[in-house]
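Engineer: Below is a structure I'd like to ask you about.
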Amino acid sequence: MNDQHLEPLRHHPEGRALRAEVDLARVARNLDRIQAASGGRAVWGVVKANAYGHGAVPVARALEGAGVHGLAVSSLEEGLELRQGGVRCPILVLGGLRPEALPAASASGLTVALVGPEHLGTYAQVLASHPLKLHLKLDTGMGRFGLLPSELGECLPELRQLAPWIEGAMGHFATADDPDQGFAQRQRRVFEGCLAQLAEAGIHPAQRHHANSDACLRRLLDEDTHVRPGLALYGLSNVAEGQALGLEPALALVAEVARVKTVPAGTTVGYGRTFVAPQPMQIATLACGYADGYRRDLGNRAVVGFRGRTFPVVGRVSMDYLTVALPQAEPVAPGDPMTLFSSDGGSPHSIERLAQLLGTIPYELTCALHRRISRRFFP
Ligand SMILES: Cc1ncc(COP(=O)(O)O)c(C=O)c1O
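For what it's worth, our numbering labels the leading residue of the sequence shown as 4, then goes sequentially.
See the structure below:
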């Protein structure tokens, strides 16, 4: 997906000249790499939030085809979307469910994370007629979902009733990207303690998983049977180990030049007139704005790719459009494709570099890509 070889977008089915290009072969190769880095442990691939903006069903099916153990989503709706899209492998609903939602989850063969002490008795009653597999979430230090170690003791009688359905136990690292692994090790010890307490009560989850992408890359794996990466599957990472592993970014965001004009020195561009042309130049307007997920604060900061070179985004990014400055002599015409997010991890407009520029994380940029952007998938 080098921007020197982009096809024009003119025949876009919805007439909107903006698309995300998703390379599913890269997703499959990233799965292989992360699984190898995790010592061959089985992978629950995290595809929540529309597969981090990449497109839930095609990504899920590609991962399934590449041998993923199962897929993790955040809600019942996301799980059902995958089943309706033909996904057959195990699907784990990370966010937990109220007891009323269990019959629908059971009917679709979903696996559910048990995220707190509420409703345990009701769960046992409902599961008797609507069986499904449970993964017991333990709050080992993330401070979000999960049974606290201090709650575990009093929940053991009800958990014993649920034991036939408990397939897994899971935790979630709060600081897997931190070079200081002290807190991560503490979470590990809490996890071990909880598992020992469960074992004493006769509850032996066959699966145990605590590692997100960064924990896989940093080998914070211990006795886990499974891992639960998301970001790395999309070729992105928060830590240097991701690059060393050769992860390949799977997504490029491409927009067509909608209008191009030559302007004299002193012309101002966009809301607030934050850019003033220092000399005569060309201004290209692209059909992508903050409503699509291209952040407003990238205006006057980011670059876009065009025929192997980069050009600055000038002026404020508006709802549906952004503007790019090119030298007067640069051949550019309406319909020419430009790359807003590059799938070359080393380029200045890669998702990781743009996230750094904004002081945020790559997840935020990809998850924000609006569903109105068409997605084109390469097998
Ligand atoms: C419970 C849980 N597990 C795993 C993941 C995957 O994390 P990452 O994308 O950092 O690999 C997430 C992501 O938010 C999560 O919430």
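All C-beta atoms, glycine included, are put in the ideal place defined by N, C-alpha and C.
Among 22, 33 and 21, which one has its Cα closest to the Cα of residue 253?
Structural biologist: Here the closest residue by C-alpha is 33.
Engineer: By the 10 Å Cβ neighbour count, where 16 or more other Cβ atoms means buried, how is residue 173 classified, buried or exposed?
Structural biologist: Buried, because 16 or more other Cβ atoms sit within 10 Å of the Cβ of residue 173.
Engineer: Buried or exposed: residue 140, going by 16 or more other Cβ atoms within 10 Å of its Cβ?
Structural biologist: Answer is buried; the Cβ neighbour count reaches 16.
Engineer: I believe residue 63 touches residue 54 by the beta-carbon criterion, under 8 angstroms. Please report the beta-carbon distance rounded to the nearest angstrom.
Structural biologist: Indeed, because the Cβ distance is near 7 angstroms, the residues count as touching under 8 angstroms.
Engineer: Exposed or buried, what is residue 217 when buried is set at 16 or more other beta-carbons lying within 10 Å of its beta-carbon?
Structural biologist: Buried, because 16 or more other Cβ atoms sit within 10 Å of the Cβ of residue 217.
Engineer: Collect the residues with a C-beta less than 5 angstroms away from any heavy atom of ligand 1 and give them in sequence order along the chain.
Structural biologist: Selection output, chain order preserved: 49, 97, 175, 215, 216, 231, 232, 233 and 234.
Engineer: Following the continuous beta strand (DSSP E) through residue 3, name the residue where it begins and the one where it ends.
Structural biologist: Here the chain comprises residues numbered 4 to 382, so residue 3 is not present and cannot be evaluated.
Engineer: Determine the direct distance from the alpha carbon of residue 80 to that of residue 261, and round the result to whole angstroms.
Structural biologist: For residue 261 and residue 80, the distance between alpha carbons rounds to 36 angstroms.
Engineer: How far does the beta strand (DSSP E) with residue 188 in it extend, from its first residue to its last?
Structural biologist: Counting along the chain, residue 188 falls outside any beta strand (DSSP E), though it belongs to the alpha helix (DSSP H) covering 185–203.
Engineer: Looking at the unbroken beta strand (DSSP E) that takes in residue 169, where does it start and where does it end?
Structural biologist: Start and end: 169–173.
Engineer: Below 6 angstroms CB to CB, which residues in the same chain sit around residue 309 once its five sequence neighbours on both sides are set aside?
Structural biologist: So the list reads 341, once near-sequence residues are dropped.
Engineer: What are the start and end residues of the alpha helix (DSSP H) that includes residue 103?
Structural biologist: No alpha helix (DSSP H) holds residue 103; DSSP gives it neither H nor E.
Engineer: What is the residue span of the beta strand (DSSP E) that residue 413 lies within?
Structural biologist: The structure shown does not extend to residue 413, since the chain spans only 4 to 382, so no value can be given for it.
Engineer: Tell me the DSSP bridge mates of residue 116?
Structural biologist: DSSP output for residue 116 lists 138 as bridge partner(s).
Engineer: With a threshold of 16 other CB atoms inside 10 Å of the CB of residue 311, please say whether the residue is buried or exposed.
Structural biologist: Exposed, because fewer than 16 other Cβ atoms sit within 10 Å of the Cβ of residue 311.
Engineer: Just checking: is the beta-carbon of residue 317 within a distance shorter than 8 angstroms of some beta-carbon in chain D?
Structural biologist: No chain D is part of this structure, which consists of one protein chain only.
Engineer: Where does residue 388 land, buried or exposed, given buried means 16+ other C-beta within 10 angstroms?
Structural biologist: The structure shown does not extend to residue 388, since the chain is modelled only from 4 to 382, so the question has no answer here.
Engineer: Is the beta carbon of residue 249 closer than 8 angstroms to that of residue 220?
Structural biologist: No, the pair does not count as a contact, with Cβ atoms beyond the cut-off.
Engineer: Give me the Cα-Cα distance between residue 185 and residue 21, rounded to the nearest whole angstrom.
Structural biologist: Distance between the alpha carbons of residue 185 and residue 21: 44 angstroms.
Engineer: For residue 379, which beta-bridge partners are listed by DSSP?
Structural biologist: BP columns for residue 379 point to 24.
Engineer: How big is the Cα-Cα spacing for residue 41 and residue 212?
Structural biologist: Distance between the alpha carbons of residue 41 and residue 212: 11 angstroms.
Engineer: Quick check on the DSSP output: the alpha helix (DSSP H) that includes residue 62 runs from which residue to which?
Structural biologist: Counting along the chain, the alpha helix (DSSP H) containing residue 62 begins and ends at 59–68.
Engineer: Pull up the distance between the alpha-carbon of residue 287 and that of residue 265, whole angstroms please.
Structural biologist: One C-alpha to the other measures close to 9 angstroms.
Engineer: Would you check if the distance between the CB atom of residue 361 and the CB atom of residue 298 is smaller than 8 angstroms?
Structural biologist: Cβ distance < 8 angstroms, so residue 361 and residue 298 count as in contact.
Engineer: Given a cut-off of 8 angstroms on the beta-carbon distance, is the pair residue 328 and residue 314 in contact?
Structural biologist: Taking 8 angstroms as the Cβ cut-off, residue 328 and residue 314 qualify as a contacting pair.
Engineer: Runs of 3 residues minimum, wholly inside the segment 31–60: which ones carry the beta strand (DSSP E) assignment?
Structural biologist: Runs found: 45–49.
Engineer: Residues in the same chain with beta-carbon distance under 6 angstroms from residue 122, minus the five sequence neighbours each way, listed in chain order, please.
Structural biologist: Result list for residue 122: 102, in chain order.
Engineer: How long is the line joining the alpha carbons of residue 368 and residue 296, rounded to whole angstroms?
Structural biologist: Distance between the alpha carbons of residue 368 and residue 296 is about 7 angstroms.
Engineer: Report the residue from 325, 366 and 376 whose alpha carbon sits nearest the alpha carbon of residue 52.
Structural biologist: Among 325, 366 and 376, the Cα nearest to that of residue 52 belongs to 366.
Engineer: With DSSP as the reference, label residue 16 as helix, strand or coil.
Structural biologist: Low confidence applies to residue 16: its pLDDT is 47, below 50, so where it sits in the model is not reliable enough to give any reading.
Engineer: Nearest CA to the CA of residue 239: which residue from 307, 379 and 370?
Structural biologist: Here the closest residue by C-alpha is 370.
Engineer: In angstroms, rounded to a whole number, what distance separates the CA positions of residue 27 and residue 382?
Structural biologist: Residue 27 and residue 382: Cα-Cα distance of roughly 5 angstroms.
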